[in-house]
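Participant: Sharing a structure below in structure tokens format, with a few things to ask.
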């Protein structure tokens, strides 16, 4: 599942960087605003996650309870965990934002080129 999302964002990013995608800034404004809000939320969640989620799992002051608590926290912040997924989502969100901004720049470049061509042809 993660590969599909990353693949879609990568394809969009590659197309934008190659100049194959363009979008008018006004049309993209709402998307950029929403991406900014998502990034803010992800940043907050990552800060909480990297500090242990703000809570400790307490299952008892015995070896079994402590072992299960440690395993539960490992699932929260291990390699294949909530924090790892949030980190991946943040990376993909930043790539999407960069690609969208590049698409706006592509639109502006194309618009300016066409305007210059039009002015040369009709002056």
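Numbering (the numbering used here), first residue to last: 1 to 123.
Glycine included, C-beta positions come from ideal geometry on N, C-alpha and C.
Give me the Cα-Cα distance between residue 39 and residue 20, rounded to the nearest whole angstrom.
Facilitator: Taking the straight line from one Cα to the other gives about 26 Å.
Participant: Specify the secondary structure class of residue 115 as computed by DSSP and reduced to three states.
Facilitator: Of the three classes helix, strand and coil, the one that applies to residue 115 here is helix, per DSSP.
Participant: Taking Cβ positions, are residue 83 and residue 50 nearer each other than 8 Å?
Facilitator: Going by C-beta atoms, residue 83 is nearer than 8 Å to residue 50.
Participant: Compute the beta-carbon to beta-carbon distance between residue 28 and residue 100, rounded to the nearest angstrom, for a pair I have assumed lies under 8 Å.
Facilitator: Confirmed, about 6 Å.
Participant: Could you say which of 47, 64, 116 and 68 lies nearest to residue 87 if we only look at CA atoms?
Facilitator: The shortest C-alpha separation from residue 87 is found at 47.
Participant: Where do the ends of the alpha helix (DSSP H) carrying residue 27 lie?
Facilitator: Taken as a continuous stretch (DSSP letters only), the alpha helix (DSSP H) holding residue 27 covers 25-50.
Participant: For residue 43, does the count of other Cβ atoms within 10 angstroms reach 16, so buried, or fall short, so exposed?
Facilitator: So residue 43 ends up on the exposed side.
Participant: Is residue 19 helix, strand or coil when you go by DSSP?
Facilitator: Residue 19: coil per DSSP, three-state reduction.
Participant: Residues in its own chain within less than 7 Å of residue 104 by CB, not counting five upstream and five downstream?
Facilitator: Only 23, 25 and 28 meet the Cβ criterion.
Participant: Apart from the five residues on each side of it in sequence, which residues of its chain come closer than 8 Å, Cβ to Cβ, to residue 118?
Facilitator: Contacts found: none.
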